[in-house]
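Enquirer:
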Amino acid sequence: MTLLDPFFTPFTCKSLKVANRFMMAPMSRYFAPGGILTQESIDYYRRRIEGGVGAVITEGVGVDRPGAVAADTVPVFAGEEGLAAWDKARAEIHAAGGAIIPQLWHVGGCEDFNYPDSPHPPLESPSGLVGPGIAGGKPMTQQDIDGAIASFVRGACDASRLGFDAIELHGAHGYLFDQFFWDVTNQRDDRFGGPSIASRARFAVETVAAVREAVGPDLAIIFRISQWKTYLYEAKIATSPAELAEWLVPLAEAGVDIFHCSERRFWESAFPDEGDLNLAGWTKKITGKPTITVGSIGLDRDLMEDFVAGESVPTLKSLDELARRFDRGDFDLVAVGRALLADPNWLMKVRTNAVSELLPYSRATMDVLY
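The opening residue of the sequence shown carries number 6 in our numbering; numbering runs sequentially from there.
#1: In the structure shown, what three-state DSSP assignment does M28 receive?
#2: Does the Cβ of V220 have 16 or more other Cβ atoms within 10 Å, making it buried, or fewer, making it exposed?
#3: Does DSSP classify A243 as helix, strand or coil?
#4: Closer than 8 Å to a non-hydrogen atom of the ligand NAD - does that hold for the CB of H125?
#5: What does the Cβ neighbour count give for A89, buried or exposed, with the cut at 16 atoms within 10 Å?
#6: Check the DSSP bridge columns for T357 and list the partner residues they point to.
#7: How big is the Cα-Cα spacing for Y50 and I105?
#8: Can you give me the C-alpha to C-alpha distance between R329 and R368, rounded to a whole angstrom?
#9: Go to G3, then tell me how far its alpha helix (DSSP H) extends in each direction, as first and last residue.
#10: My guess is that L346 and T370 are in contact by the Cβ rule of under 8 Å, so how many angstroms apart are they, rounded?
#11: Let me make sure I understand the geometry here. Which of S231, Q232, I172, S361 has the alpha-carbon closest to that of C18?
#12: Can you look up G280 in the DSSP assignment and give me helix, strand or coil?
#13: Have a look at T292 and R205 and give me their C-alpha separation to the nearest angstrom.
#14: Determine the DSSP secondary structure at S267, reduced to helix, strand or coil.
#15: Please specify which runs of the beta strand (DSSP E), each continuous and at least 3 residues long, are wholly inside the segment 162-223, giving them in chain order.
#16: Could you work out which residue in A243, A259, Q232 is closest to I226 when comparing CA atoms only?
#17: Going by CA-CA distance only, name the one from P349, A83, T190 that's closest to R52.
#18: Report the rounded CA-to-CA distance for K93 versus G142, giving the unit in angstroms.
Here you go:
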């Protein structure tokens, strides 16, 4: 028996059925001119399934609300042409034996840091802020909030109608849902703001509840969370397990089936004074829901360090810790990002201990679709 054998067991949660516990993590690629996914991108996704992972969570895809994305090469999950392209991707992923999950995205008030000059409609955010004293987006009215919720509902319904295996709502990394969660960017004095995490989570809770009502009980809803924000790495929403419960239990009760817990390094404790559980471990313990762990799996440093240093060397040294935590029951699924982006056959090579054949990740990797 090898280190990774326990991960090669099937997993089922409602509509989501995967052959093993490894997934491709969502990573923006900017290869969709005019917002339409290309065959090159479809091939890129399919190769990861052919390389052994059980499922692909797509890059963030814009819902049909103006300003949901801030770059015109981000794919949209809307419109006849946009949905037809994604349906073709779904068909090819299914034919290759994998599952595919669109990550529905709204950036809130965030300009795209990769393409800050890209044209886009006006942006919106809870309070006109995207960070400490950093302006971004116009403050949303109740009508704006209702419209945003309706856009997520339409995206989820289209995914269900087309036969996707689940949906993921992107609630992490400082984008729209996260801007509501964080007290720094949510300074509203209505029912969507306030001092409690529960009140600031209300926009996300109402979105999940509306999606659940529209799609019915069977479609699996994944919700992605993080503490850190893009370029604000030490930010915290929950500073204790009690605050994490206040944040996530209402989302679970509204209809979230799986939480996707994004951390910079999966092996680090979410609350060091409370033991060694990471964010996925605490989330599963508190909500009772399955979780996905992600963060620097298979590489020697985290994503933000790569922006400075430029390259991550493949390594298997952290996989012992991944296996230990999986065996303990801390999480149910593993999302692999940069390691899989650089090498579509990463999983097969890792399983056979072919470390010398692994391809390193570098910033140049982002410029092509391997």
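Glycine included, C-beta positions come from ideal geometry on N, C-alpha and C. None of the values given here were measured: they were computed from a predicted structure.
Expert: This is what the structure gives:
#1: For the purposes of this step, residue 28 is taken as the residue at position 23 of the sequence shown. DSSP, read as helix, strand or coil, puts M28 in strand.
#2: Position 215 of the sequence shown, counting from 1, holds the residue named residue 220. Taking every protein chain shown into account, the CB of V220 has 16 or more other CB atoms within 10 angstroms, so this residue is buried.
#3: For the purposes of this step, residue 243 is taken as the residue at position 238 of the sequence shown. Coil at A243, not helix or strand.
#4: No copy of the ligand NAD occurs in the structure displayed, which carries no ligand at all.
#5: One-based indexing of the sequence shown puts residue 89 at position 84. With fewer than 16 Cβ atoms within 10 Å of its Cβ, A89 is classed as exposed.
#6: The residue you call residue 357 lines up with position 352 of the sequence shown. Residue pairing of T357 in beta bridges, as defined by DSSP: absent, with no partner found.
#7: What you label residue 50 is simply residue 45 of the sequence shown in a count that begins at 1. What you label residue 105 is simply residue 100 of the sequence shown in a count that begins at 1. Answer to the nearest angstrom: the Cα atoms are 9 Å apart.
#8: Taking the sequence shown and counting its residues from 1, one reaches residue 329 at position 324. Taking the sequence shown and counting its residues from 1, one reaches residue 368 at position 363. If you take the alpha carbons of R329 and R368, they lie about 30 Å apart.
#9: Look at the range of the chain in this structure, 6 to 375, and you will see that residue 3 is not part of it.
#10: In the sequence shown, residue 346 corresponds to position 341, counting from 1. In the sequence shown, residue 370 corresponds to position 365, counting from 1. Taking 8 Å as the upper bound for CB-CB distance, L346 and T370 are in contact here, some 6 Å apart.
#11: Stepping through the sequence shown from its first residue, residue 18 is reached at position 13. Residue I172 holds the alpha-carbon nearest to the alpha-carbon of C18 among S231, Q232, I172, S361.
#12: If you number the sequence shown from 1, residue 280 lands on position 275. Residue state, collapsed to three classes: coil.
#13: Counted from its first residue, the sequence shown places residue 292 at position 287. Counted from its first residue, the sequence shown places residue 205 at position 200. Spanning the two alpha carbons is a distance of roughly 18 Å.
#14: As a working note, residue 267 is residue 262 in the sequence shown. Residue state, collapsed to three classes: strand.
#15: Here the runs fully enclosed are 171-175.
#16: Sequence index remark: in the sequence shown, residue 226 carries index 221 (1-based). Ranking A243, A259, Q232 by Cα distance to I226 puts A259 first.
#17: On the sequence shown, residue 52 is found 47 positions in, with the first residue counted as 1. The residue with the shortest Cα to Cα distance from R52 is P349.
#18: Within the sequence shown, the letter at position 88 stands for residue 93. Within the sequence shown, the letter at position 137 stands for residue 142. Distance between the alpha carbons of K93 and G142 is about 34 Å.
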